[in-house]
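Numbering (the numbering used here), first residue to last: 3 to 121.
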């Protein structure tokens, strides 16, 4: 697998020497500078990071002629997050995302919604 950083602040969490079983004590965050890529074994347990703003990166699988490739199910090791469709702000709670999105300054109706806010 390969991950190419397109924006600053990109990183990947890998679990050193973990290909069959997750060991949280082996977690390691690897920063990836813009324009650089990290190449790693596809069976290495890894996950993306939680970003407070949108972070674009390119993820791909590397192969070669004659390689037999089998599709694998990907299991997330991160908790589910919810993102504002206007700013990309992420939160762990759906209610927080909904509240932010309703009043978000980037929401064209956000200023109309402000007077409706319960105080």
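Yeah, the Cβ is synthetic: ideal placement off N, Cα and C, and Gly gets one too.
Spatial neighbours of residue i in its chain, beta-carbon cut-off 6 angstroms, leaving aside the 5 residues before and after
i	result
residue 95	none
Close beta carbons around residue i, own chain, < 8 angstroms, minus the five adjacent residues each side
i	result
residue 125	The displayed coordinates of the chain run from 3 to 121. Any statement about residue 125 would go beyond what the structure contains.
residue 64	3, 4 and 41
residue 115	104, 105 and 109
Residues that DSSP places opposite residue i in a beta bridge
i	result
residue 48	16
residue 85	92
residue 33	13
residue 6	39 and 60
Proximity below 9 angstroms, CB of residue i to CB of residue j
i	j	result
residue 36	residue 54	no
residue 13	residue 34	yes
residue 6	residue 39	yes
Contact with chain D by residue i, beta-carbon distance below 9 angstroms
i	result
residue 111	Of the protein chains in the structure, only one exists, and it is not chain D.
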